[in-house]
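In order, the protein sequence lines correspond to chains A and B.
Numbering follows the working numbering, in which position 174 of the first sequence is assigned residue number 174; successive positions increment by one, without gaps.
Numbering follows the working numbering, in which position 251 of the second sequence is assigned residue number 516; successive positions increment by one, without gaps.
Right, one structure below, let's go through it.
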Amino acid sequence: MSLLSLKHLTKTFESAAGPVHAVRDVSLDVAQGECLAIVGESGSGKTTLANMILGILGQTSGEVIFNGSLLSAKRTPDQRRNIQLVQQNPLSSLNPKRSVGASVRLGLDTYRIGEKAERWQTVENALEAVGLPAEMRKRAPAALSGGQRQRVGIARALACEPELLVLDEPTSALDVLVQARVLRLLNELRAERGLTYVFITHDLAVVRNIADRVAVFQNGQLVESGTTEQIFTQPKDKYTRNLIGAVPVVDLDEMALRDKLAETT
Amino acid sequence: MSTLLDIKDLHLGFKGLSGLNKVLHGISLSIEQGERVALVGESGSGKSVTARIVLGLLQETRSARISGEVTFDGNDITAMRPKMRASLRGTDMSMIFQDPTSSLNPSFTIGRQFAEVLRRRDVSLSDQDCTERATKMLEEVSIPDPVRVLNAYAFQLSGGMNQRVMIAMALANRPKLLLADEPGTALDVSVQAQTLSLMRNLVADHGTAVLFISHNLGVVREFADRVYVIYRGNIVEDGPTQALFSNPRHAYTRALMSAVPRITGAGLPEVPEVSEDFLAPQISHGSTI
């Protein structure tokens, strides 16, 4: 059974220039323990979709079904706890005036996870689980490097013990070395804890190395979806092929794959 | 070809409360006229400060301690008077930054900012001259409706569009050297690919030399003629792009290369944060292209 199921999900924003169809009639299933990548350019509706999964935005029509139950616009604390977000820019998503530990603890207090007296211990465990020293909880976000901040973002989300993690471009603000480390960490955490990921990105090279399945979006619509293997070896849509072709490559093997896809266009 | 930019044994440190904090440990780098050179390394390796020294910006920072030679077009930048250095910026050398939307002024139209750029070279240009030349430049970067763009503000345009505007502005005064600091990193992969190929064609047409700064070796492979790899303020490997990519010899270059995720799905490597091997001496593949 799928953990998350989206049925005919649609979001329309009203603007002075008329309605904007951000997401149109999207149906998707994410199995327990799976990593589904949502891929598309800016403005393709990826983040709007994420916000509807998280309950930050209500949908215009359609259904979000999680763990077999229909999620309404007003969610229970437990439903909110169970789906957590990791954002793109860890500097602007952490409160600069709070210590890193206080930011991680916020979720524990909000959802009343564990005994009050044990919560600092839980915070330290969460930081250690993402490869940061426990003492780091006393530091301010500004004193951390980009990679460390993103690890804090992951620790904050995981401290709430969610089943589903929505990752919105978690590595696009990081340099390639740090990105490789964070992606490895995400792979390890998923395997250890049986987590389910919805991974939003515009970078198909990242997708190739982290996702089980891929859903490609363009202008709010689902263009194509399939296993990662299928999408990279036999992309059906021209748009998908273009996205793969745009990835910067270093290997001759990669160039060969890219040229092969370009030929079929 | 003659050498346009020649950096020799450049050292940089910042004076802080706890003494001198060394950032560059004697790097040497040269760019020929019209050559595209990439400087690649991770955050904090010293790539951006190198560009800021070439632009003459860090020289104005009181805590910066700079030594070594930086020769641009036959003149020593480090020995120049600040006013002379300032007159080079926006004329003989120009810069493109990472995030195009935030490097444009939100309260002036693109057209007005364009005119300001053009008048750095020639103060006598009339408004009409400026509009004409700006329109021509915007057409060169494949902007379909230049008149609309000139009358727009940066926030009314997409990131990719702003990036093209930045490229047009940077090349408007026919600079000899363009410094590009991670151009397009803030953009989508597909938009980045488009703007890079556009930029490559334009600088080739204009004969502009480029110092391209990036953390991603994949991005520079198809752009640069030569590559320098920098790690903790030292150049660790340099050579023609083809030679460096087919046979990376320094441990750090290999680590940096392995970290780029592959579309063929080779998995993610374990990259150590520090390693003795990364501090090994510089390897040079020579400069013959």
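For glycine and all other residues, C-beta sits at the position ideal for the given N, C-alpha and C.
Keep in mind the model is a prediction, meaning the values are calculated, not measured.
Looking at residue i: is its Cβ nearer than 8 Å to the Cβ of residue j?
i: L436 (chain B); j: L403 (chain B); result: no
i: S293 (chain B); j: D274 (chain B); result: yes
i: G101 (chain A); j: V123 (chain A); result: yes
i: V412 (chain B); j: A433 (chain B); result: no
i: P324 (chain B); j: R354 (chain B); result: First, the residue type needs correcting, since residue 324 (chain B) is Gln and not Pro in the sequence shown. No, these two residues do not count as a Cβ contact at 8 Å.
i: V30 (chain A); j: T196 (chain A); result: yes
i: L36 (chain A); j: R184 (chain A); result: no
i: L174 (chain A); j: V166 (chain A); result: no
i: N370 (chain B); j: Q378 (chain B); result: yes
i: T396 (chain B); j: G376 (chain B); result: yes
i: L289 (chain B); j: L270 (chain B); result: no
i: P505 (chain B); j: D490 (chain B); result: yes
i: N499 (chain B); j: Q421 (chain B); result: no
i: N209 (chain A); j: G284 (chain B); result: no
i: V26 (chain A); j: L222 (chain A); result: yes
i: T268 (chain B); j: E297 (chain B); result: yes
i: Q179 (chain A); j: P90 (chain A); result: no
i: N242 (chain A); j: S455 (chain B); result: yes
i: A520 (chain B); j: H550 (chain B); result: no
i: L145 (chain A); j: Q88 (chain A); result: First, the amino acid is wrong: residue 145 (chain A) is Ser here, not Leu. The answer is no: Cβ separation not under 8 Å.
i: S288 (chain A); j: A140 (chain A); result: Chain A is shown only over 1 to 265; residue 288 (chain A) falls outside these bounds and no answer can be derived.
i: V492 (chain B); j: V485 (chain B); result: yes
i: V319 (chain B); j: V335 (chain B); result: yes
i: L57 (chain A); j: D168 (chain A); result: no
i: I361 (chain B); j: P448 (chain B); result: yes
i: A155 (chain A); j: L127 (chain A); result: yes
i: T280 (chain A); j: I200 (chain A); result: Look at the range of chain A in this structure, 1 to 265, and you will see that residue 280 (chain A) is not part of it.
i: A316 (chain B); j: D446 (chain B); result: yes
i: V152 (chain A); j: L132 (chain A); result: yes
Based on the DSSP secondary-structure assignment, which residues constitute the bridge partners of residue i?
i: Y493 (chain B); result: B:L304, B:D503
i: G18 (chain A); result: A:S15
i: M360 (chain B); result: B:L444
i: R241 (chain A); result: BP columns for R241 (chain A) are empty, so no partner.
i: T227 (chain A); result: A:R213
i: I478 (chain B); result: B:L304, B:D446
i: K287 (chain B); result: B:G278
i: K260 (chain A); result: K260 (chain A) pairs with nothing; no bridge assigned.
i: S2 (chain A); result: A:A31
i: N340 (chain B); result: B:F337
i: I408 (chain B); result: Note: I408 (chain B) sits in no beta bridge, so no partner.
Span of the alpha helix (DSSP H) holding residue i?
i: S92 (chain A); result: 90-93
i: L299 (chain B); result: This sequence places Gly at residue 299 (chain B); Leu is not what is there. Where G299 (chain B) is concerned, there is no enclosing alpha helix (DSSP H), given that its DSSP letter is neither H nor E.
i: A351 (chain B); result: 347-353
i: D453 (chain B); result: D453 (chain B) -> no alpha helix (DSSP H), and no H or E assigned at all.
i: I432 (chain B); result: 424-437
i: Q378 (chain B); result: 375-386
i: M517 (chain B); result: Position check: residue 517 (chain B) holds Tyr in this sequence, whereas Met was assumed. Element bounds for Y517 (chain B): 516-523.
i: Q324 (chain B); result: Here Q324 (chain B) belongs to no alpha helix (DSSP H), and DSSP marks it neither H nor E.
i: G104 (chain A); result: The sequence as given places Val at residue 104 (chain A); Gly does not occur at that position. Per DSSP, V104 (chain A) belongs to the alpha helix (DSSP H) from 100-110.
i: I113 (chain A); result: From DSSP, I113 (chain A) is part of no alpha helix (DSSP H); its letter is neither H nor E.
i: I154 (chain A); result: 146-159
Considering just the uninterrupted stretch of the beta strand (DSSP E) at residue i, what are its terminal residues?
i: F337 (chain B); result: 329-337
i: D284 (chain A); result: Lying before the first or after the last residue shown, residue 284 (chain A) is absent from chain A, which here runs from 1 to 265.
i: I268 (chain A); result: This structure leaves residue 268 (chain A) out entirely; chain A is present only between 1 and 265.
i: L269 (chain B); result: 268-281
i: D168 (chain A); result: 164-168
i: V64 (chain A); result: 61-66
i: V86 (chain A); result: 83-86
Would you grab the beta carbon distance between residue i and residue j for me? Rounded to a whole angstrom, and I think it's under 8 Å.
i: T374 (chain B); j: N438 (chain B); result: No, T374 (chain B) and N438 (chain B) are not in contact; Cβ-Cβ is about 19 Å, not under 8 Å.
i: V39 (chain A); j: F217 (chain A); result: 7 Å
i: A474 (chain B); j: L442 (chain B); result: 5 Å
i: E535 (chain B); j: H515 (chain B); result: Incorrect: roughly 18 Å between the Cβ atoms, too far for contact.
i: R429 (chain B); j: T460 (chain B); result: 6 Å
i: I528 (chain B); j: V176 (chain A); result: Their Cβ separation, rounded to whole angstroms, is 14 Å, which puts I528 (chain B) and V176 (chain A) out of contact at 8 Å.
i: P526 (chain B); j: V206 (chain A); result: 5 Å
i: S328 (chain B); j: G281 (chain B); result: 7 Å
i: P365 (chain B); j: M431 (chain B); result: 5 Å
i: A142 (chain A); j: P96 (chain A); result: 6 Å
i: T10 (chain A); j: T60 (chain A); result: 5 Å
i: L444 (chain B); j: V302 (chain B); result: Actually they are not in contact, since the Cβ atoms of L444 (chain B) and V302 (chain B) sit about 10 Å apart, beyond 8 Å.
(message) Could you check whether the stretch 251-259 of chain A touches the stretch 332-351 of chain B, counting it as contact only if at least three pairs of C-beta atoms, one from each stretch, sit closer than 8 Å?
(response) no
(request) Would you check if there are 3 or more beta carbon pairs closer than 8 Å linking the stretch 305-312 of chain B to the stretch 470-485 of chain B? (result) yes
(request) Count the C-beta pairs between the stretch 3-12 of chain A and the stretch 55-66 of chain A that are closer than 8 Å, then say yes if the count reaches three, no if not. (result) yes
(request) Report the residues of the stretch 527-543 of chain B with a CB closer than 9 Å to any CB of chain C, ordered along the chain. (result) Reference to chain C is not applicable here, since the protein chains of this structure are A and B.
(message) Could you check whether the stretch 154-164 of chain A touches the stretch 81-88 of chain A, counting it as contact only if at least three pairs of C-beta atoms, one from each stretch, sit closer than 8 Å?
(response) yes
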